[in-house]
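When you read off a place in the sequence shown, starting at 1, and then add 46, the result is the number in this note's numbering. Glycine included, every Cβ here is placed at the ideal spot set by N, Cα and C.
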Amino acid sequence: MSNKLYFFDTTLRDGEQVPGCQLNTVEKIQVAKGLEELGVDIIEAGFPISSPGDYNSVVEISKAVTWPTICALTRAVEKDIQVAAEALRFAKHKRIHTGIGTSDSHIRYKFNSTRDEIIERAVAAVKFAKKHVEDVEFYAEDAGRTDNEYLARVVEAVIKAGATVVNIPDTTGYCLPEEYGAKIKYLMEHVDGVHKAILSTHCHNDLGMATANTMAGVLNGARQVEVTINGIGERAGNTSLEEIAMILKSHKEIPITTNINTRKIYGMSRMISSLMNMPVQPNKAIVGRNAFAHSSGIHQDGVLKNRESYEIIDPKDVGIDENSIVLTARSGRAALKHRLESLRVNIQKIDLDKTYEEFLKLADRKKDINDDDVLMLVGKERNEGGRIKLDYLQVSSGVGIKPVASICLDIAGEKFEAAASGNGPVDAAINGVKKIINRKMVVEEFLIQAITRGSDDVGKVHMQVSYKDQNYYGFGANTDIIAASAEAFIDAVNKFVK
Ligand code: KIV
Ligand code: ZN
């Protein structure tokens, strides 16, 4: 068996399915190019039949990317496969990823079908996809809860039909590592012709075992891992690329080789977090803000004497350059540009002078500007294209008084003012916006986060607003959390008030 492990990145498909994480085509191309530089072998670029946006992204990514294989997802349905093949027409290397549920629960409740019929549909889908592309991957959805004997029959049949890769998803994140490893081992030992294809892992993190399960799969013969940057994905997410890459780099006794250039990991992680407005939890392995921070005296002392006392990974191996993390009000435009480039921000796509101006304003209010702050400034600039803008906001609040907000919105160049009260300053500010916009909008979710620790920190606000039975997501960032909240609300409103 080959020692080469293929990295299949599904940040742009399974990752992008997360509510509020949707990217436009330009942003997706930026991510795909970043993944190419990172050394990912296969990029799952979307599910073309699901929307014109997904279709278009697959087309454009196919044109923009050179060496990785571009993959498009389908159901085991001819129309899906036809549309995917069409979307992939410009790809230098292309793959169709088709499949169907194989667990008894999927067969019975989702398809009202039988085990034999599901095999027939799986085989037909692979054969149909083979008419369009040479490289066909089959997924056995909910394989984690599929009986191994039946799963082996499915895998054998699709390999016979021409599948080059067979994906064994633990769709619900249910498996234990031993169980998932044993599943791959069982397939390796019981499927006739298994060596004609590659078995792939695709693990979800519902019970926090995605990485452990993926590693168990690899140790038992899987040679492709399906992963996302920062582990983003449906519900609790998917296996994170950076964890698998660094496990393999750290455990030299595992005889596996990969194409991943681990020094590109940190920049890629920040790019995804910033484009998707999705903060990385501070203690996230490999890329979290605290992943290399030693706060206890004993640990600090140990690391100063010898880094390896408490660190198994050199931060430089994941692309963290400790000397360049902090910018201040005295940093010049060139320093900011250099930082943005090392964070993989596409300088051509932003107004550098404007970002620098905003940077100086922030640096006046906040002593040290870190990577998250810089990315927040860029993200803010991206969000500024909306029709409605916050012109000014004044809020008075405190103990024993009713919070009141005076607000002015700039709507396509015209100014509208309102005053409103609320049960708190954020509520008052949002009521002010509602008075001006005058539509039935409800804040369904509201999350405030500070990026670092000081009281001068930038607050990030994520908001979910419902309007006419649809949810819209907004994001705001400001050292004033009331202003950040109003900005997030306006950002969401901009998505349905055209
Ligand atoms: O989790 C899953 O089963 C999937 C498949 C569509 C591959 O994402
Ligand atoms: Zn999935």
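Worksheet item: Which whole-angstrom value describes the C-beta separation of Q495 and P325, a residue pair presumed to lie in contact below a C-beta threshold of 8 angstroms?
Response: Right, their Cβ atoms sit about 6 angstroms apart.
Fill in: Segment contact flag, the segment 266-286 with the segment 56-67, C-beta cutoff 8 angstroms, min 3 pairs
Result yes; three or more Cβ-Cβ pairs closer than 8 angstroms.
Worksheet entry | Sequence ranges, alpha helix (DSSP H) only - wholly within the segment 370-394, length at least 4 | DSSP runs (the alpha helix (DSSP H)) wholly in the segment 370-394: 379-388.
Worksheet item: In three-state terms, what does DSSP make of T57?
Response: Annotated three-state conformation of T57 is helix, per DSSP.
Worksheet item: How close, in whole Å, do the beta carbons of A530 and A523 come, if the pair is a contact with beta carbons under 8 angstroms?
Response: The beta-carbon distance between A530 and A523, rounded to whole angstroms, is 6 angstroms. This is short enough to meet the 8 angstroms contact definition.
Worksheet entry | When I107, L84, E82 are compared against P94, the one with the closest alpha-carbon | Per the Cα distances, I107.
Practice prompt. Check each candidate in N469, R433, C454, A268 and name the one with the smallest Cα separation from I447.
Written response: Distance from the Cα of I447 is smallest, within the candidate group N469, R433, C454, A268, for N469.
Worksheet entry | Own chain residues within Cβ distance below 7 angstroms of L423, not counting five before or after | Result list for L423: T401, E404, F405, L408, in chain order.
Practice prompt. For Y52, count neighbouring Cβ atoms within 10 angstroms of its own Cβ and tell me buried if that reaches 16, exposed if not.
Written response: Buried is the call here.
Item to complete: Name, in chain order, the residues that DSSP records as bridge partners for A189.
Response: DSSP lists no partner for A189.
Practice prompt. Look at the alpha carbon of N251 and the alpha carbon of G432, and state the distance between them as a whole number of angstroms.
Written response: If you take the alpha carbons of N251 and G432, they lie about 35 angstroms apart.
Discussion item. Buried or exposed for G444, going by 16 or more other Cβ atoms inside 10 Å?
Written reply: Classification for G444: exposed.
Worksheet item: Is E460 near the ligand KIV, going by C-beta to nearest heavy atom under 7 angstroms?
Response: Because no heavy atom of the ligand KIV lies under 7 angstroms away, the Cβ of E460 does not count as near it: no.
Worksheet item: Would DSSP call A474 helix, strand or coil?
Response: DSSP, reduced to helix, strand and coil, places A474 within a helical segment of the structure shown.
Practice prompt. Tell me where the beta strand (DSSP E) around V364 begins and ends.
Written response: No residue range can be given for V364, since it is assigned to no beta strand (DSSP E) and is classified by DSSP as neither H nor E.
Fill in: Contact under 8 angstroms by Cβ, N545 with G267
An answer regarding residue 545 cannot be provided, because it is not within the stretch 47 to 544 covered by the chain.
Item to complete: Might you give, ordered along the chain, the residues of its own chain that have their beta carbon closer than 7 angstroms to the beta carbon of A131, omitting 5 neighbours on each side?
Response: Exclusion of the five residues before and after A131 leaves I142, H178, V179 as the residues of its chain whose Cβ lies within less than 7 angstroms of its Cβ.
Discussion item. Would I18 and T260 be called neighbours here (beta carbons separated by less than 8 angstroms)?
Written reply: No answer is possible for residue 18: it lies beyond the span of the chain, which begins at 47 and ends at 544.
Worksheet item: What do you reckon, is the C-beta of I144 under 7 angstroms from a heavy atom of the ligand KIV?
Response: According to the sequence shown, residue 144 is Thr rather than Ile. Look at T144: its beta carbon is at least 7 angstroms from all of the heavy atoms in the ligand KIV.
Worksheet item: Is N213 near the ligand KIV, in the sense that its beta carbon is under 7 angstroms from a heavy atom of that ligand?
Response: At least one heavy atom of the ligand KIV is nearer than 7 angstroms to the Cβ of N213, so yes.
Worksheet item: Sorry if obvious, but does the Cβ on D60 come closer than 7 angstroms to a heavy atom of the ligand ZN?
Response: Answer for D60: yes, Cβ within range of the ligand ZN.
Discussion item. Going by the DSSP bridge assignment, what does Q270 pair with across the sheet?
Written reply: Answer by DSSP bridge pairing, in chain order: Y52, S246.
Item to complete: With DSSP as the reference, please indicate the residues paired to R576 in a beta bridge.
Response: Only positions 47 to 544 of the chain appear in this structure, which leaves residue 576 out of reach.
Discussion item. Taking 7 angstroms as the limit between beta carbons, can you name the residues of its chain near H152, skipping five residues before and five after?
Written reply: Around H152: E187, D188.
Worksheet item: Counting along the chain, where does the alpha helix (DSSP H) carrying G520 start and finish?
Response: Per DSSP, G520 belongs to no alpha helix (DSSP H); it is in the beta strand (DSSP E), 516-524.
Worksheet item: In three-state DSSP terms, what is Q327?
Response: Under the three-state reduction of DSSP output, Q327 falls in the coil class, being neither helix nor strand.
Practice prompt. Give the single residue among S48, I528, E225 whose Cα lies nearest to the Cα of P215.
Written response: Among S48, I528, E225, the Cα nearest to that of P215 belongs to E225.
Discussion item. Below 8 angstroms on the Cβ atoms is my contact criterion, and I expect I528 with V450 to pass it. Report the Cβ-Cβ distance as a whole number of Å.
Written reply: Actually they are not in contact, since the Cβ atoms of I528 and V450 sit about 12 angstroms apart, beyond 8 angstroms.
Worksheet item: Quick one: does the C-beta of H250 sit closer than 7 angstroms to a heavy atom of the ligand ZN?
Response: Checking the Cβ of H250 against the ligand ZN gives yes.
Worksheet entry | Where the beta strand (DSSP E) through S501 begins and ends | S501: not part of any beta strand (DSSP E); DSSP gives it neither H nor E.
Fill in: Cα-Cα separation, A133 to F174
Taking the straight line from one Cα to the other gives about 16 angstroms.
Discussion item. DSSP three-state label for H297, please.
Written reply: In the three-state reduction of the DSSP assignment, H297 falls in the coil class, being assigned neither a helical nor a strand state.
Worksheet item: Where does the unbroken beta strand (DSSP E) through Q440 begin, and where does it stop?
Response: Its beta strand (DSSP E) spans residues 434-442.
Worksheet item: If we count Cβ pairs, one from each stretch, closer than 8 angstroms, do we get three or more for the segment 313-323 versus the segment 370-386?
Response: Too few Cβ pairs lie closer than 8 angstroms, so no.
Item to complete: Using beta-carbon positions only, say whether L245 and I230 come within less than 8 angstroms of one another.
Response: With respect to I230, L245 sits close: the two C-beta atoms are nearer than 8 angstroms.
Discussion item. Taking the alpha helix (DSSP H) that K125 belongs to, which residues open and close that run?
Written reply: Counting along the chain, the alpha helix (DSSP H) containing K125 begins and ends at 124-133.
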